[in-house]
Structure formats: structure tokens, C-alpha cells
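Under UniProt numbering, the first residue of the sequence shown carries the number 14, and numbering increases by one thereafter. Idealized CB from N, CA, C, for every residue including glycine.
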Amino acid sequence: QDILVLHGPNLNMLGRREPQYYGADTLASIDTRLAQRAGAAGLRCHSFQSNSEAALIERVHAAFDDGTGFVIINPAAFTHTSVALRDALAAVKLPFIEVHLSNVHAREPFRHHSFFSDLAQGVICGLGAAGYGYALDHAIDFLNRQTP
Ligand code: DQA
Numbered sequence: 014q015d016i017l018v019l020h021g022p023n024l025n026m027l028g029r030r031e032p033q034y035y036g037a038d039t040l041a042s043i044d045t046r047l048a049q050r051a052g053a054a055g056l057r058c059h060s061f062q063s064n065s066e067a068a069l070i071e072r073v074h075a076a077f078d079d080g081t082g083f084v085i086i087n088p089a090a091f092t093h094t095s096v097a098l099r100d101a102l103a104a105v106k107l108p109f110i111e112v113h114l115s116n117v118h119a120r121e122p123f124r125h126h127s128f129f130s131d132l133a134q135g136v137i138c139g140l141g142a143a144g145y146g147y148a149l150d151h152a153i154d155f156l157n158r159q160t161p
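Structural data, given as C-alpha cells:
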């Protein structure tokens with residue numbers, strides 16, 4: 014079973030976007046590291062970024078029967094707004110971790126609420142790009158426990 018990494022809006026700007034919050038790594042470099050780390054564990058990790066809520070929802074629907082066993086998602090601003098993307102994850106019933114580069118709880122109050130956290134297996138925030146790596150380590154452990 015594969016791991017799907019979903020990145021929401023504006024994350025294509027990583028490396029150039031508010032580095033004080035989001036760091037200097039580009040999305041491509043993060044995705045490459047994740048794919049290598051998954052590959053070393055004998056698993057495949059696919060990444061998808063979109064600025065469009067509809068495209069993210071459709072990618073989640075496709076994950077229902079494309080061999081995806083675990084989702085790592087940074088919904089970005091849709092974290093705080095999208096009932097529709099939440100419902101898509103609930104519909105496919107895939108286990109997922111919510112990741113944020115920044116510590117959303119230390120920022121504006123509108124970033125404190127997430128439509129995803131109560132459905133997530135776990136939430137990682139404030140650890141920068143490393144947070145994706147920790148989420149991947151969990152996904153690898155989880156999938157290995159499923160199919161020993
Ligand atoms: C973010 C936090 C969100 O509040 C923000 O809208 C983002 C990125 C993060 O990774 O820290 O775009 O999800």
C-alpha cells in the first residue's frame with residue numbers, strides 16, 4: 014500500500030513564502046526526501062499539491078481505490094475553512110496525519126481551529142519540514158503493522 018502526501022494552497026511557494034514561518038526548503042526538495050525515505054523502507058510515496066479545493070477533493074476520492082493506504086496532508090489554509098475536504102477524507106476512510114510547518118496555535122486565532130484534527134490519527138505542527146518526515150515514519154510503521 015502506498016502513502017499519499019497532499020499539500021494545499023500556496024505550498025507550491027515554499028522556500029520563497031514567509032520563510033520565518035515556513036522555512037527555506039522547497040516543496041520539491043521535501044517531496045524528494047519523502048519519496049527516498051519511503052523507498053528505503055520498501056514503500057512508495059506519491060505527492061500532490063494543488064491550490065484548488067476541487068482538485069484536492071478529487072485526489073482524495075481517487076485514493077479510495079488506487080492502492081493508497083495512508084495519507085499525510087497539509088491542508089494549508091483549507092485547514093481552517095474546508096468542510097468539503099474534511100468530508101472527502103471521511104468518505105474514503107483512509108487513515109491520515111495532519112501536518113503544519115508552522116505552529117498554528119502560536120499564530121492568529123483563525124488558525125487555531127482545524128476541520129481535520131478530530132478525524133486525524135495525529136497532528137504535527139511547528140516542526141517545519143521535519144514534521145513531514147516524522148509523519149512518514151509513522152505511516153511506514155502503521156503500514157508495516159497492517160501487513161506484517
Ligand atoms: C500551514 C498553516 C496554515 O494556517 C496556513 O494557511 C498555511 C500553511 C502550515 O503548514 O503551517 O498555508 O498549514
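Annotation for TYR34 indicates a beta carbon within 7 Å of some heavy atom of ligand 1. Taking C-beta separations shorter than 8 Å and ignoring five residues to either side along the sequence, the partners of HIS126 in its chain run HIS93, following chain order. With distances taken between CA atoms, ALA143 lies nearest to ILE43 out of PHE155, GLN14, GLU31, ILE43.
Counting along the chain, the unbroken beta strand (DSSP E) around PHE83 starts and ends at 81-87.
Per the C-alpha coordinates, the member of CYS58, SER115, GLN14 positioned closest to LEU149 is CYS58. The alpha-carbon of LEU27 is positioned some 14 Å away from that of VAL112. Per the DSSP secondary-structure output, VAL112 pairs in a beta bridge with ILE137.
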